[in-house]
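Heads up, the thing below is written out as structure tokens.
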Amino acid sequence: MNGQSSKVIRIGCGAGFSGDRIEPAVDLARHGSLNYLVFECLAERTIALAQKSKLQNGELGYDPLLVERMRAVLPACVASGVKIVSNMGAANPLAAARRTAEVARSLGISGLTIAAVEGDDITALVRSMDTLPTQNALQVSLMPERPPGAPFSLPAAETIISANAYLGCIPIRDALRLGADIVLTGRVADPSLFVGPLMHEFGWAENDWARLGQATLIGHLLECAGQLTGGYFADPGVKDVDGLARLGFPLAEVRADATAVLTKLPDTGGLVSVATCKEQLLYEVQDPGAYITPDVVADFSGVTFQQVSADRVEVGGAFGRERPETLKVSIGYHDGFIGEGQISYAGSGAVERGRLALQVVAERLHLTGVALRESRYDLIGLNAICGDLPGVPVPPEIRIRVVGRTHTLEEALRIGREVESLYTNGPAGGGGATRSATEVVAITSTLVSRERITPCITLETV
Amino acid sequence: MKLRELAHSRTGDKGDHSNVSVIVYRLEDYPLIEKHLTMERIRAHLRGRVRGEVTRYCLPTLGAINFVLHDALTGGVTRSLALDPHGKCISGLLLDLELPVEAPGSTVP
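Heads up: the sequence lines are chains A and B, in that order. Under the working numbering, the first residue of the first sequence is numbered 1057, with each subsequent residue one higher. Under the working numbering, the first residue of the second sequence is numbered 4, with each subsequent residue one higher.
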């Protein structure tokens, strides 16, 4: 009768971005007594880059570290019955599932069901449209960069690389219902990677807004991995954190009412405190009273944290309201090229020589007809981050940075070359020149009606 | 006294907007930061970084304020030319804000 009410699900986060450390996830898989290990590896732009690699090779387009991560964690996950949920499918969840099956086979593992969740890729649909729906008040809080009622103009069809709708927790829950041990998705709202397994385990209804709001809070707190356990927190002498080089990643012990204890493994570095939790609560949040995901509009304004013992924090107090009728869509598109060059100056007069160097490069780019759509001339150490502020002390060394947006790669390359040529043509004592030129894949976002998106699940067995 | 003595902060980004939290170490200091950290004060202190509107969300039970700096990221992380396109360094800048009060334990002349 109260099996469900005393049930606790242990869910950990094994990566907070695609390049994250791997050993903390292995530690969680081995020693965390976990039910689920979630890897959040898909930044805004990553899926557009993955789409480009899929276009070159139909068997690619998943996370570049997929094989390395799976190889590291699969033995422990299989041995301990830990299920894996991840957006490492990126632009090609099917290929990711097949590749994961190969990794399992190569490790001598069998009896696994791997689910690929698709349906987020709406590139063809978006290319065929001129505008997407006009925004209403709710949508504006999701996408506040445009005024209410303004139609959204898409980038030109020929520049669009990818368009992906943010799926929610439901297809992940459904994949788990079908018996998946590993669920690989493309674009899914980050907290939904955690909400899906919790919904599956506790049997919450799709309109149980209060619990979904609370589960979204847990997912939001966990999704950046080390940022909850003392990573991105240390400020020596003010906020000290021990053991950042062996930071433990977080896990939550979640109850059926969607309250939880947040913690990390003992004997790992870092800390879980009310302060680390509060910093992560507001990370990448705009209105704490309306955190919008495909699953729910979560309300974090009444959240409470309580330190129950060392590295254990009780969390509760989130609520939720009905989910939005629209889904956010990220559109990746070609946006020209960026060229950059840097060189340093030191000692007395370094700032003046740096300023002269910037003037020389600007004049050279003008004289040689490099068309800059946009540019910046920074003095790193003085104004590159803060902007120009009065009364700043003169630094003993300065690094100039010239960066510009161009239409062609050739022009982007010219920027770095002009900085490099300061070695023999510029002010005295310049050193350590570097240059780069990259193609820009930019991201813009809009909304699409939920009815246009149909998630689909494919199972692969080993 | 610098804000850093009473509070900590983290910056996040969403599209072209930056959000900066300010969280007091001791809940009893919250009214002080709510009083002094007005949108105008934030705009003045971060004048090198703020281009658009500033919105303030107050969370007294958490002892926190969340500031949203609109259009602050020169097009957002995927296309900005800035050295710190995420605007992640803004939290450090904000904590240098001078509060018109004496540090705890300091003697008033």
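Quick reminder that beta carbons are idealized off the backbone N, C-alpha and C, glycines included.
Quiz item: Does the beta carbon of Y1339 of chain A sit closer than 7 Å to a beta carbon anywhere in chain B?
Solution: Yes - at least one Cβ of chain B is within 7 Å of the one on Y1339 of chain A.
Quiz item: What three-state label does DSSP hand Y33 of chain B in the structure shown?
Solution: In the structure shown, Y33 of chain B sits in a helix (DSSP, three-state: H, G or I).
Practice problem: On the DSSP bridge assignment, give the partners of F1095 of chain A in chain order. | Solution: Bridge partners of F1095 of chain A: A:A1071 and A:S1142.
Quiz item: What's the C-alpha gap between E1340 of chain A and E1370 of chain A?
Solution: As the crow flies, the alpha-carbon of E1340 of chain A is around 22 Å from that of E1370 of chain A.
Quiz item: So C1532 of chain A and G1072 of chain A are in contact, right, with Cβ under 8 Å, and what is the actual spacing, rounded?
Solution: Residue 1532 of chain A falls outside the range modelled here, since chain A spans only 1057 to 1518, and no answer is possible.
Exercise. Assign H1256 of chain A to one of two classes, buried (16 or more other C-beta atoms within 10 Å of its C-beta) or exposed (fewer than that).
Key: Under this definition H1256 of chain A is a buried residue.
Quiz item: Closer than 7 Å, CB to CB, is Y60 of chain B near chain A or not?
Solution: At least one chain A Cβ lies under 7 Å of Y60 of chain B.
Exercise. Counting only runs of 3+ residues fully inside the stretch 1332-1373 of chain A, write out the beta strand (DSSP E) ranges in chain order.
Key: Within the stretch 1332-1373 of chain A, the runs of beta strand (DSSP E) at least 3 residues long that lie entirely inside it are, in chain order, 1353-1355, 1360-1365 and 1368-1372.
Quiz item: What residues in the stretch 81-101 of chain B have a beta carbon less than 8 Å from any beta carbon of chain A?
Solution: Within the stretch 81-101 of chain B, contact with chain A at the beta-carbon level (separation under 8 Å) is assigned to T81, R82, L84, A85, L86, D87, C92 and L96.
Quiz item: By Cβ distance below 6 Å, which residues in the same chain neighbour R1470 of chain A in space, the five residues on each side in sequence not counted?
Solution: Around R1470 of chain A: V1426.
Exercise. Label A1081 of chain A either buried or exposed according to how many other C-beta atoms from any shown protein chain fall within 10 Å of its C-beta, with 16 as the threshold for buried.
Key: Buried, because 16 or more other Cβ atoms sit within 10 Å of the Cβ of A1081 of chain A.
Self-check item: Under 7 Å from the C-beta of A67 of chain B: neighbouring residues of chain A
Solution: Residues of chain A passing the Cβ test: K1334 and L1338.
Quiz item: Which runs of the beta strand (DSSP E), 3 residues or longer, sit entirely within the stretch 1153-1188 of chain A?
Solution: With a minimum length of 3 residues, the continuous beta strand (DSSP E) runs that stay inside the stretch 1153-1188 of chain A are 1169-1174.
Quiz item: Taking the DSSP output, what are the residues bridged to T1494 of chain A?
Solution: Beta-bridge partners assigned by DSSP to T1494 of chain A: A:I1394.
Self-check item: beta strand (DSSP E) runs contained entirely in the stretch 1265-1318 of chain A, provided each spans 3 or more residues
Solution: The qualifying runs are 1306-1311.
Quiz item: Does the distance from the CB of S1386 of chain A to the CB of N1148 of chain A come in under 7 Å?
Solution: Against a cut-off of 7 Å, the Cβ pair of N1148 of chain A and S1386 of chain A comes out as no contact.
Practice problem: Output the boundary residues of the alpha helix (DSSP H) element that contains I45 of chain B. | Solution: Counting along the chain, the alpha helix (DSSP H) containing I45 of chain B begins and ends at M42 to H48.
Quiz item: From A:G1299, A:L1321, A:A1180 and A:L1300, pick the residue whose C-alpha is nearest to that of E1309 of chain A; which is it?
Solution: Of the candidates A:G1299, A:L1321, A:A1180 and A:L1300, the one whose C-alpha sits nearest the C-alpha of E1309 of chain A is A:L1321.
Practice problem: Could you check what DSSP says for V1244 of chain A in three-state terms: helix, strand or coil? | Solution: In the structure shown, the three-state DSSP call for V1244 of chain A is strand.
Practice problem: Could you pull the start and end residues of the beta strand (DSSP E) that K17 of chain B belongs to? | Solution: For K17 of chain B, the enclosing beta strand (DSSP E) covers residues A10 to K17.
Quiz prompt | Residues that V104 of chain B contacts on chain A, provided the C-beta gap is smaller than 9 Å | solution = Near V104 of chain B there are no residues of chain A at all, since even the closest Cβ is about 18 Å away, more than 9 Å.
Practice problem: Counting only the same chain and skipping the five closest in sequence on each side, list residues whose C-beta sits under 6 Å from that of C1069 of chain A. | Solution: Around C1069 of chain A: V1094, L1278, A1281, F1305 and P1306.
Self-check item: Min CB distance R13 of chain B to chain A below 7 Å
Solution: Yes, R13 of chain B lies at the interface with chain A (some Cβ there is under 7 Å from its Cβ).
Quiz item: Does the beta-carbon distance from A1493 of chain A to G1395 of chain A come in below 7 Å?
Solution: The answer is yes: Cβ separation under 7 Å.
Quiz item: Count the other CB atoms within 10 Å of the CB of P1511 of chain A; is the residue buried (16 or more) or exposed (fewer)?
Solution: By the C-beta density criterion, P1511 of chain A is buried, having at least 16 other C-beta atoms within 10 angstroms.
Quiz item: Taking DSSP as the reference, what is the three-state secondary structure of Y1401 of chain A?
Solution: Three-state DSSP puts Y1401 of chain A in a strand.
Quiz item: Is T1139 of chain A buried or exposed, if buried means 16 or more other CB atoms sit within 10 Å of its CB?
Solution: Per the sequence shown, the amino acid found at residue 1139 of chain A is Lys instead of Thr. Its Cβ being crowded by 16 or more others within 10 Å, K1139 of chain A is buried.
Quiz prompt | Distance CB(T1102 of chain A)-CB(H1390 of chain A) smaller than 7 Å | solution = At the C-beta level, T1102 of chain A and H1390 of chain A stay beyond 7 Å of one another.
Quiz item: Rounded to whole angstroms, how far is the Cβ of G1345 of chain A from the Cβ of T64 of chain B, which I believe are closer than 8 Å?
Solution: Contact flag wrong, Cβ pair sits at about 13 Å.
Quiz item: From the DSSP output, which residues share a beta bridge with F1375 of chain A?
Solution: Looking at the DSSP assignment, F1375 of chain A forms a beta bridge with A:D1355.
Exercise. Inspect the CB distances between the stretch 1436-1455 of chain A and the stretch 1399-1419 of chain A and report whether three or more fall short of 8 Å.
Key: In the pairwise beta carbon analysis, the stretch 1436-1455 of chain A is classified as touching the stretch 1399-1419 of chain A: at least three pairs are separated by under 8 Å.
Practice problem: Please confirm if the stretch 47-61 of chain B is in contact with the stretch 85-102 of chain B, defined as three or more CB-CB distances below 8 Å between the two stretches. | Solution: Taking 8 Å as the limit for Cβ pairs, the verdict is that the stretch 85-102 of chain B does touch the stretch 47-61 of chain B.
Practice problem: Give a yes or no on whether the minimum CB-CB distance between L1445 of chain A and chain B is below 7 Å. | Solution: Chain B contact via Cβ: present.
Quiz item: For R1420 of chain A, does the three-state DSSP call read helix, strand or coil?
Solution: Annotated three-state conformation of R1420 of chain A is helix, per DSSP.
Practice problem: Say whether chain B places a C-beta atom closer than 7 Å to the C-beta of V1364 of chain A. | Solution: No, V1364 of chain A does not count as interfacial toward chain B.
Quiz prompt | Contact set between the stretch 1274-1296 of chain A and chain B, restricted to residues whose Cβ is under 9 Å from the partner | solution = Cβ contacts with chain B come from Q1283, Y1288, F1289, D1291, V1294 and K1295.
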